[in-house]
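Q:
Residue numbers (our numbering): 1 to 434.
1) Is residue 225 helix, strand or coil by DSSP?
2) Between residue 196 and residue 375, what straight-line distance do the alpha-carbon atoms span, to the nearest angstrom?
3) Tell me the rounded alpha-carbon separation between residue 290 and residue 100.
4) Looking at residue 482: is its Cβ nearer than 9 Å to the Cβ of residue 46?
5) Give a yes or no on contact between the region 165-182 and the region 345-360, applying the rule of three or more CB pairs nearer than 8 Å.
6) Below 8 Å, can you find three or more Cβ-Cβ pairs linking the region 205-216 to the region 274-291?
7) Residue 93 and residue 40 look like a contact to me (Cβ under 8 Å); what is the Cβ gap, rounded to whole Å?
8) In three-state terms, what does DSSP make of residue 343?
9) Which one or two residues does DSSP pair with residue 299 in a beta bridge?
10) Looking at the structure shown, is residue 271 part of a helix, part of a strand, or coil, going by DSSP?
11) If we call anything under 9 Å between Cβ atoms a contact, is residue 69 one with residue 88?
12) Going by DSSP in three states, residue 243 sits in which element: helix, strand or coil?
13) Run through DSSP, which three-state label would residue 140 get?
14) Which class does residue 83 belong to by DSSP, given the choice of helix, strand or coil?
15) Quick check: residue 502 and residue 287, are their CB atoms within less than 9 Å of each other?
16) Considering only C-alpha positions, which residue in the set 175, 80, 72, 33 is nearest to residue 111?
17) Might you give, ordered along the chain, the residues of its own chain that have their beta carbon closer than 8 Å to the beta carbon of residue 322, omitting 5 neighbours on each side?
18) Using the three-state DSSP reduction, which class does residue 435 fall into: helix, strand or coil?
19) For the 8 Å Cβ check, are there 3 or more pairs between the region 291-301 and the region 146-161?
20) In three-state terms, what does DSSP make of residue 261?
21) What three-state label does DSSP hand residue 248 in the structure shown?
22) Report the partner residues of residue 14 according to the DSSP bridge assignment.
23) Looking at the strands, I want to know which residues DSSP matches up with residue 355.
24) Whose CA, out of 241, 344, 115, lies closest to the CA of residue 15?
25) Identify every residue that forms a DSSP beta bridge with residue 153.
26) Is the CB-CB distance between residue 325 and residue 134 below 9 Å?
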């Protein structure tokens, strides 16, 4: 039986406690509200003021209560207990694992000590938060035959290894990128539009673009450069990574005659962070975009939407869940995701192996990963002389073919002659050797 009954009743109604003098038609609404929230207990035979008035605990009364419980969809296992001494019926409503729940009079949610009927937008919000409805699977009105980018499609076939022998309709349909409308015409899903439609980021999908900004200093007061990438999702990923590689510091390590380029933040970490932002952002949020911001002391990559429902601080980075399962599958097939659920751990591992400060993850409302940048002293010419490494600064404007200055290390005569021969064979107009 329920322990500390008098204490519970004395504390009054709350988020997980409801009093009812007798079962009535609102009982199903209360059960529904608890199931859509965090669960709770309903004490039948107790007045709103906390007086134990008692109620009918006969078999017929219990049968009536079961009828109310059976109204809940999907079915919910509600535990019923009888306190014969006080003539009370206690219903224990579990945390619903198949939200949203409804009854014959609609959808309800527990807010504090009250149960309220949900409006349409609140129901949609609940569906989204529970992953019942995903943005990427929604069907659009855009006809594939009128608005198809062949270049995007062919690039995807190459990356994913899908044979071009299959018809476009069959491929798009099996990738969940298209569906038939009521007229039998092939139309895009949102995922299909974001991958294969011309003008994929027009006013309807503009929020799916990526904005990259370079700042002077450690705040947003002085903008040095900004660019918005608004192609399909794969192009956005590639261009964002190019932007990062051309605006972060790089050092060259020479191992014999082999030169190794090392970014101040590991490329693996950058790649995983950008892909994670594209794959898991909340595309229902049309007021925000993915932001990549470079400051003097840090790099921030932010996407709308906090951690996905079902992911906790304890299992963060170890479970495989996606807000956008179709997009996740498309990126996986194209080789942008090596294994579901490993992105965060790969970021952490690559940063640790590089001997850098741990990245910071913020997950409230927006998902943000912050990479502390390395001290400039690590890229100074003093450091170069001591380590045999060479630092090459990146140009500010990244989409112009501007010269890149390469500093050649002093090598022994024999190695120098070999290096000169190699450089002569690999010279290009946009490289200046000094």
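Using N, Cα and C, we set each Cβ at its ideal position, and we do this for glycine too.
A: The structure says:
1) strand
2) 42 Å
3) Roughly 29 Å separates the two Cα atoms.
4) Not covered by the structure: residue 482. The range shown for the chain is 1 to 434.
5) no
6) When C-beta atoms of the region 205-216 are compared with those of the region 274-291, three or more pairs fall below 8 Å, so the two segments count as touching.
7) 6 Å
8) helix
9) 294, 371
10) helix
11) no
12) helix
13) strand
14) strand
15) This structure gives no information on residue 502, because the portion of the chain shown stretches from 1 to 434.
16) 33
17) Apart from sequence neighbours up to five positions away, the residues of its chain that approach residue 322 with a beta-carbon distance below 8 Å are 279, 280, 308, 328, 340, ordered along the chain.
18) It is not possible to answer for residue 435, since the shown part of the chain is limited to 1 through 434.
19) no
20) Residue 261: strand per DSSP, three-state reduction.
21) coil
22) 17
23) Residue 355 is not bridged to any residue.
24) Nearest of 241, 344, 115 to residue 15, Cα basis: 115.
25) Looking at the DSSP assignment, residue 153 forms no beta bridge with any residue, so it has no partner.
26) yes
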